[in-house]
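*Asks:* Mind looking over this structure? Questions follow.
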Amino acid sequence: MSVNIDQSSDQKEMQNTNQPLTHDDIRRFVPSDNCLDGKTILVTGAGDGIGRVAALTYARYGATVLLLGRTSSKLEYVYDEIESLGGKQPAMLPMNLEGATYAEMQQLEGLIDKEIGKLDGILHNAGLLGQLTPLEMYDVDTFAQVMKVNFTSTFMLTQALLPLLKDADNGSIVFTSSTVGTHPRAFWGAYALSKQAVEGMSDIFTQETQNTTNLRFNCINPGGTRTNMRAHAYPGESPMSLKTPEDIMAGYVCLMSDESIGVRGQVVELQPKD
Ligand code: NAP
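Note that this note's numbering has the sequence shown beginning at 19, numbered continuously upward.
Given below as C-alpha cells:
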C-alpha cells in the first residue's frame with residue numbers, strides 16, 4: 019500500500035504560516051517526512067479498516083505505534099506490515115474493549131509507562147455498528163455492547179491514560195465520530211447515540227483541560243469510507259464509489275502532528291458534502 023501524500027507548493031506555503039488551521043487545511047494537510055518522529059501513538063481497532071491504515075500511516079511518518087485491538091492475528095499482520103515498510107518497532111496490545119475493565123486499562127497505562135515511557139496521542143477508532151432498526155425494537159444487549167465499545171470504553175481508556183498524555187509535550191486525543199453523531203438519524207440507534215456522546219465528551223474534555231494543559235481533544239468524522247463496517251451499513255452500495263482509508267489519511271496525520279497545535283474541541287469532517 020502507498021501512504022505517501024503528495025505536496026504542492028501552495029500547500030507547503032500554507033503550512034509555513036502561523037495561522038490556526040481551518041478544517042480545509044486539516045483535510046488538505048500534506049505531512050512533511052518524519053512529522054511524527056519521536057511520537058508514540060496508540061490506535062484502537064488497529065487490526066482492520068481505517069485503524070489499520072492509520073497505524074501504517076503513523077508509522078510511515080515516524081511514530082512508534084501501539085496497536086490495540088481484539089483480534090491478535092490481525093494485529094500481528096499489521097505489526098509485520100509496519101516492520102516491512104521500515105517503521106519503528108510497534109507494540110501489540112490485544113484488548114477486547116467490550117469486556118475490558120478499568121483496572122485492565124490502568125495496568126495498560128503502567129505497562130506503556132514502564133516499557134515505552136511515553137504516550138503522545140490516542141486515535142480512538144475502534145467501533146461497532148450494531149443494529150440498524152427503530153429504537154422501539156432495538157435489542158437492549160446490543161445497545162449496551164455498542165455503547166460500551168464506541169463510548170464508555172473510550173472514556174475509560176482516555177481517563178486511564180491521561181497521566182501519560184499530560185506528561186507529553188503536546189498530547190493529542192482524537193475521537194472518531196460519524197455524520198449520524200452530529201445529526202442523529204432514524205434507525206441508526208445506539209451507533210448514532212454513542213457517536214453523539216463521543217462528540218459531547220470531546221467538548222467537555224476540551225473545556226476542562228484547555229486552560230491548564232497542552233492537551234487537545236478533537237473528533238474526526240471520516241465520512242463514507244471503503245471498509246467492512248460501511249459495507250454492512252450500506253449493502254447495496256458499490257464500494258468502488260467510496261474513498262479508501264488511504265485517501266483520507268491527511269486529516270488523521272494532521273491531528274496527531276504538531277502542525278495542529280491549537281486545534282481544540284473541533285469535529286473535523288473529512289468528506290463534507292458540498
Ligand atoms: P471496521 O472496518 O469495522 O473496523 C473496526 C475496527 O474496530 C476493527 O479493527 C475491529 O476489530 C475493531 N473493534 C470492533 N470491536 C472491538 C472491540 N470490542 N474491541 C477492540 N476492537 C474492536 O470499521 P471502520 O469503517 O474502519 O471504522 C473505524 C471507525 O470509523 C469507527 O469508529 C466507525 O464508527 C468510524 N466511521 C466509519 C465510517 C465508514 O464509512 N467506514 C464512517 C463514519 C465513521 P476486529 O477487526 O478484530 O473486529
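Think of the CB as a built atom: it goes at the ideal place given N, C-alpha and C, for glycine as much as any other residue.
Please state the DSSP three-state secondary structure of L60.
*Replies:* Looking up residue 60 in the sequence shown gives position 42. In the structure shown, L60 sits in a strand (DSSP, three-state: E or B).
*Asks:* According to DSSP, is T176 helix, strand or coil?
*Replies:* For the purposes of this step, residue 176 is identified with residue 158 of the sequence shown, where counting begins at 1. T176 falls in the helix class under three-state DSSP.
*Asks:* Is any heavy atom in the ligand NAP found nearer than 8 angstroms to the beta carbon of G87?
*Replies:* Reading the sequence shown from its first residue, position 69 is the one you call residue 87. Checking every heavy atom of the ligand NAP against the Cβ of G87, one is found closer than 8 angstroms.
*Asks:* So, using beta-carbon positions, are N293 and T200 closer together than 9 angstroms?
*Replies:* Missing from the structure shown is residue 293; the chain here goes from 19 to 292 and no further.
*Asks:* Could you tell me the distance, in whole angstroms, from the CA atom of D66 to the CA atom of P181?
*Replies:* For this step, residue 66 is matched to residue 48 along the sequence shown. For this step, residue 181 is matched to residue 163 along the sequence shown. Roughly 28 angstroms between the two C-alpha positions.
*Asks:* In angstroms, rounded to a whole number, what distance separates the CA positions of C272 and N114?
*Replies:* Position 254 of the sequence shown holds residue 272. Position 96 of the sequence shown holds residue 114. Computed Cα separation, rounded: 28 angstroms.
*Asks:* So what does F235 bridge to, in DSSP terms?
*Replies:* One-based indexing of the sequence shown puts residue 235 at position 217. In DSSP, F235 forms a bridge with I191.
*Asks:* What residue from Y209, T197, R70 has the CA that sits closest to V61's CA?
*Replies:* As a position in the sequence shown, residue 61 is number 43, starting the count at 1. Checking every option, the nearest Cα to that of V61 belongs to R70.
*Asks:* Please classify I191 as buried or exposed, where buried requires at least 16 neighbouring CB atoms within 10 angstroms.
*Replies:* Looking up residue 191 in the sequence shown gives position 173. It is buried - the Cβ of I191 has at least 16 other Cβ atoms within 10 Å.
*Asks:* Would you mind reading off the limits of the alpha helix (DSSP H) that contains I140?
*Replies:* By one-based count along the sequence shown, residue 140 stands at place 122. No alpha helix (DSSP H) holds I140; the beta strand (DSSP E) holding it covers 139 to 142.
*Asks:* Sort D42, N246, E217 by Cα distance to G283 and report the nearest one.
*Replies:* Residue mapping note: residue 283 aligns to position 265 of the sequence shown, counting from 1. Among D42, N246, E217, the Cα nearest to that of G283 belongs to E217.
*Asks:* For N34, name the three-state secondary structure that DSSP assigns.
*Replies:* In the sequence shown, residue 34 corresponds to position 16, counting from 1. Low confidence applies here, because N34 scores a pLDDT of 43, under 50, leaving its location unreliable; read the following figure in that light. N34: coil per DSSP, three-state reduction.
*Asks:* Mind reading off the beta-carbon distance from V96 to L85? Whole number of angstroms is fine, and I expect it under 8 angstroms.
*Replies:* Counting from one through the sequence shown, the residue named residue 96 turns up at place 78. Counting from one through the sequence shown, the residue named residue 85 turns up at place 67. That pair is a contact at about 6 angstroms.
*Asks:* Using the DSSP secondary-structure output, state which residues sit across from G87 in a beta bridge.
*Replies:* Along the sequence shown, read from residue 1 onward, the residue named residue 87 stands at position 69. DSSP output for G87 lists P112 as bridge partner(s).
*Asks:* Consult DSSP for T170 and reduce its assignment to one of helix, strand or coil.
*Replies:* Here the question's residue 170 lines up with position 152 in the sequence shown. Helix at T170.
*Asks:* Buried or exposed for P257, please, with buried defined as at least 16 other CB atoms from any protein chain shown within 10 angstroms of its CB.
*Replies:* Position 239 of the sequence shown, counted from the first residue, corresponds to residue 257. Its Cβ having fewer than 16 others within 10 Å, P257 is exposed.
*Asks:* May I ask you to list the residues that DSSP assigns as paired with E287?
*Replies:* One-based indexing of the sequence shown puts residue 287 at position 269. Answer is N239.
*Asks:* For T197, count the other beta carbons within 10 Å of its own beta carbon; 16 or more makes it buried, fewer makes it exposed. Which is it?
*Replies:* Numbered from its first residue, the sequence shown carries residue 197 at position 179. Looking at its Cβ environment, which holds 16 or more other Cβ atoms inside 10 Å, T197 is buried.
*Asks:* Measuring alpha carbon to alpha carbon, tell me which of I222, T172, G242 ends up nearest D265.
*Replies:* By 1-based counting over the sequence shown, the position of residue 265 is 247. Looking at the Cα atoms, G242 is the closest of the given residues.
*Asks:* Just to confirm, does I68 get its C-beta within under 8 angstroms of one of the non-hydrogen atoms of the ligand NAP?
*Replies:* One-based indexing of the sequence shown puts residue 68 at position 50. Indeed, a heavy atom of the ligand NAP lies less than 8 angstroms from the Cβ.
*Asks:* For K136 and A186, which I take to be in contact (beta-carbon distance under 8 angstroms), what is that distance rounded to the nearest angstrom?
*Replies:* Stepping through the sequence shown from its first residue, residue 136 is reached at position 118. Stepping through the sequence shown from its first residue, residue 186 is reached at position 168. About 6 angstroms separates the two Cβ atoms, so the contact holds.
*Asks:* Determine contact between the region 147 to 158 and the region 207 to 222, defined as no fewer than three beta-carbon pairs at a distance below 8 angstroms.
*Replies:* Because the criterion of three Cβ pairs below 8 angstroms is met, the region 147 to 158 and the region 207 to 222 touch.
*Asks:* T82 by DSSP, collapsed to three states: which one?
*Replies:* Taking the sequence shown and counting its residues from 1, the one referred to as residue 82 is at position 64. In this structure, T82 counts as strand in the three-state DSSP scheme.
*Asks:* Give the single residue among A162, Q107, A215 whose Cα lies nearest to the Cα of D55.
*Replies:* Within the sequence shown, numbered from 1, the residue matching residue 55 stands at position 37. Considering only alpha carbons, the answer is Q107.
*Asks:* State the start and end residues of the unbroken alpha helix (DSSP H) segment that holds V198.
*Replies:* Here residue 198 refers to the residue found at position 180 when the sequence shown is read from its first residue. Taken as a continuous stretch (DSSP letters only), the alpha helix (DSSP H) holding V198 covers 197 to 200.
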